[in-house]
Amino acid sequence: MSSDQDKHFLQMAVQLAIDSVAQGGGPFGAVITRQGEVVARASNQVTLNNDPTAHAEVVAIRQAGESLDNFNLDDCVLYASCEPCPMCTAAIYWAHIKRVVFAASAETASKAGFDDSFIAREICLNKDQRSIPITQLECEQHEHCFEAWNKKQDKIEY
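Quick note on my numbering: the sequence shown kicks off at 78 and runs consecutively.
Next comes the structure, spelled out in structure tokens:
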């Protein structure tokens, strides 16, 4: 059962999505909270910024990281107007967000022309089976960056 607070923050994300459409953006919004306080709110900026990665969830994660001065958002909740796409889901995992609450389903988004099921299927395929060729080409010193990382004493693990 959702709490009133969850409903409130989810409605904020939905309103961001509605406002985004009016401003020429995509119909997606996201809010990130920490201990019940909003730390980031964003709408889809893909067409406005000509950035295919500027989904509402990713923009909100970037804002939250900057706001909290931390890339680890393990004590945050993300509220999204729609079920996160594969890219946003990956970003949520990289950010270690502890919980996600969304309103519209991926099926609803698909009916509006936002069908990411193809991408979800592609990710599960081996590299040599994907529709975009992804090939490995070794070059000199290709392992040096990882060797340097492993030797670094003061690295910040993520």
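Where is the CB? At the ideal position from N, CA and C, for every residue including glycine.
Gln92 and Gly106 look like a contact to me (Cβ under 8 angstroms); what is the Cβ gap, rounded to whole Å? 7 angstroms
Going by Cα to Cα distance, which pick from Ala117, Gln82, Asn227 and Cys162 is closest to Phe191? Cys162
Taking 8 angstroms as the cut-off, does the segment 149-164 touch the segment 89-104 (at least 3 CB pairs, one atom from each stretch)? yes
Let me know the secondary structure DSSP gives Ile174 once reduced to three states. coil
Looking at the strands, I want to know which residues DSSP matches up with Glu114. Arg111
I'd like the span of the beta strand (DSSP E) that includes Leu214, first residue to last. Run containing Leu214: none; DSSP gives neither H nor E here.
Do you know offhand how far Phe223's Cα is from His85's? 44 angstroms
Would you mind working out which of Gln82, Asn126 and Glu114 sits nearest Ser101, comparing C-alpha positions? It should be noted that the sequence gives Gly, not Ser, for residue 101. When each option's Cα is compared against that of Gly101, the closest is Asn126.
Starting from the N-terminal side, write out each stretch of the beta strand (DSSP E) that is 3 residues or longer and does not extend beyond the segment 140-188. 153-159 and 176-181
Classify Ala119 as helix, strand or coil using the three-state DSSP reduction. strand
Tell me which residues share the same chain as Ser120 and place their Cβ nearer than 7 angstroms to its Cβ, disregarding the 5 neighbours each side in the sequence. Leu93, Ala94, Asp96, Ser97, Gly102, Phe105, Gly106 and Ala133
So Ala172 packs on Gln140, CB below 8 angstroms; how close in whole Å? Not quite, the Cβ-Cβ distance comes to about 11 angstroms (not below 8 angstroms), so this is no contact.
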